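Take a look at the structure set out below.
Protein chains in written order, with the numbering used here: chain A, 1 to 114; chain B, 1001 to 1116.
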């Protein structure tokens, strides 16, 4: 069974540019989560999809971030325009059900904004 | 708001020694509790979780954790460290009840170094 995959693994962009991160969850997992770890800080929740619907986007920092999950399969997280403070590692995770079920994490995308 | 505290951002032990990584949570209602591990260039992997029932939880790779409600703690232990245990460890919680969407709240992480 393929795990959660994320693309790209690394991205370096200039301030003001746009970047789109992609996450492919484990097949059949309805729940998809995005998290972010800024250097030196804890991993923080960004948002949660159930299929194609946003269930909880309370962790999204501001309206420069846009997440989508078309068709309830893969998800994208777009940052437009990127700011220096957006640098960090973005993790995606998926699970069969919400609650106390195990979340399977991807390897993350390291985003550097210069 | 719920918070998680991991004491010590770096812990160093000798191979064969006891591993103890500390985690405390803040809520008065015990949440679901998790320990995840991240090896270099990999995603987070679940070591173990506490949802209810037994307060001593056994996980993979010889790790275990004990839930202590009176201390609001969920410390992770392993009797004998291996070189392969060197990684970063994260304690996380999620709320119980109907509002539980699975959203995880993480501690700051603890990097475990194992010396030969």
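Backbone N, C-alpha and C define an ideal beta-carbon position, used for all residues, glycine too.
The structure presented is a predicted model; accordingly, all values stated were derived computationally and were not measured.
Measure the alpha-carbon distance for residue i versus residue j and round it to whole angstroms.
i, j, result
"residue 1022(B)", "residue 1101(B)", "25 Å"
"residue 91(A)", "residue 1063(B)", "24 Å"
"residue 88(A)", "residue 1105(B)", "17 Å"
"residue 1029(B)", "residue 1036(B)", "22 Å"
"residue 1002(B)", "residue 81(A)", "31 Å"
"residue 70(A)", "residue 34(A)", "15 Å"
"residue 970(B)", "residue 1018(B)", "Examination of residue 970(B) is not possible in this model, given that chain B is present from 1001 through 1116 alone."
"residue 1085(B)", "residue 1114(B)", "7 Å"
"residue 64(A)", "residue 24(A)", "22 Å"
"residue 1041(B)", "residue 36(A)", "16 Å"
"residue 99(A)", "residue 84(A)", "33 Å"
"residue 94(A)", "residue 29(A)", "6 Å"
"residue 1013(B)", "residue 1110(B)", "13 Å"
"residue 20(A)", "residue 78(A)", "4 Å"
"residue 1108(B)", "residue 1090(B)", "7 Å"
"residue 1080(B)", "residue 1020(B)", "10 Å"
"residue 38(A)", "residue 1043(B)", "16 Å"
"residue 137(A)", "residue 1039(B)", "Because chain A in this structure spans residues 1 to 114, residue 137(A) falls outside the shown range and cannot be described."
Put residue i into one of helix, strand or coil per three-state DSSP.
i, result
"residue 1061(B)", "helix"
"residue 95(A)", "strand"
"residue 1018(B)", "coil"
"residue 70(A)", "helix"
"residue 56(A)", "strand"
"residue 1103(B)", "coil"
"residue 83(A)", "coil"
"residue 1080(B)", "coil"
"residue 1066(B)", "strand"
At which residues does the beta strand (DSSP E) containing residue i begin and terminate?
i, result
"residue 1087(B)", "1087–1094"
"residue 24(A)", "19–24"
"residue 1006(B)", "Element bounds for residue 1006(B): n/a, residue is neither H nor E."
"residue 1038(B)", "1032–1038"
"residue 31(A)", "31–37"
"residue 110(A)", "109–113"
"residue 1115(B)", "1110–1115"
"residue 1055(B)", "Unbroken run through residue 1055(B): none, as it is neither H nor E."
"residue 5(A)", "5–7"
"residue 1029(B)", "That residue, residue 1029(B), is in no beta strand (DSSP E); it is neither H nor E in DSSP."
"residue 15(A)", "Residue 15(A) -> no beta strand (DSSP E), and no H or E assigned at all."
Count the other CB atoms, across all protein chains shown, that sit within 10 Å of the CB of residue i; report buried if there are 16 or more and exposed otherwise.
i, result
"residue 1049(B)", "buried"
"residue 12(A)", "exposed"
"residue 114(A)", "exposed"
"residue 1092(B)", "buried"
"residue 96(A)", "exposed"
"residue 1094(B)", "buried"
"residue 118(A)", "The question about residue 118(A) has no answer here: the residues shown for chain A are numbered 1 through 114."
"residue 2(A)", "exposed"
"residue 1076(B)", "buried"
"residue 48(A)", "buried"
"residue 31(A)", "buried"
"residue 1082(B)", "exposed"
"residue 1060(B)", "exposed"
"residue 1070(B)", "exposed"
Comparing the CB of residue i with every heavy atom of the ligand ZN, is any distance shorter than 7 Å?
i, result
"residue 1055(B)", "In terms of ligand content, the structure shown is empty, and the ligand ZN therefore cannot be addressed."
Between the segment 1047–1063 of chain B and the segment 1006–1016 of chain B, do three or more beta carbon pairs fall short of 8 Å?
With a cut-off of 8 Å, the segment 1006–1016 of chain B and the segment 1047–1063 of chain B do not count as touching, because too few Cβ pairs lie within range.
Check whether the segment 50–61 of chain A touches the segment 5–20 of chain A, counting contact only when three or more Cβ pairs, one atom from each stretch, lie closer than 8 Å.
Contact check between the segment 50–61 of chain A and the segment 5–20 of chain A: fewer than three CB pairs, one atom from each, fall below 8 Å, which does not count as touching.
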